[in-house]
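Numbering (this note's numbering), first residue to last: 1168 to 1269.
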Ligand code: FES
């Protein structure tokens, strides 16, 4: 995935916008990433990625997923429960959720 690809599909927020927001704000709590155009306040799919970006926006390189793989993984996530939250840990049961970049 590239910087202009959406990380939050619900609100169409790109990686570039999220990284720039995190560099500017330096959020102590990952949930502050929601202040970037509402990212993470819809289905919750992107929350693990938002958390990773919030923790270290300067080392977030491109995701090692294609946009198609990312979209397909989200499609599978939408069919499962429970949903991701900002408690810093993706819920179990979302085995299809790809790992954020390290
Ligand atoms: S993809 Fe970000 S909240 Fe749904």
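Every residue, glycine too, gets a C-beta built ideally from N, C-alpha and C.
Note that the coordinates shown come from a computational prediction; the quantities given were computed from them, not determined experimentally.
Residue 1238 and residue 1175 have their C-alpha atoms roughly 10 Å apart. For residue 1210, the distance from the CB to the nearest heavy atom of ligand 1 is below 7 Å.
Checking the DSSP bridge columns, you'll see residue 1177 has no partner listed. For residue 1202, the secondary structure class from DSSP, reduced to helix, strand or coil, is helix. Around the Cβ of residue 1209, a 10 Å sphere holds fewer than 16 other Cβ atoms; the residue is exposed. For residue 1197, no alpha helix (DSSP H) encloses it, and the DSSP letter there is neither H nor E.
In the assembly as shown, residue 1194 is a buried residue. Its beta-carbon has 16 or more other beta-carbons within 10 Å.
Taking residue 1186 as reference, the option from 1225, 1213, 1215 and 1197 with the minimal CA-CA separation is 1225.
Distance from the C-beta of residue 1176 to the nearest heavy atom of ligand 1 is below 7 Å.
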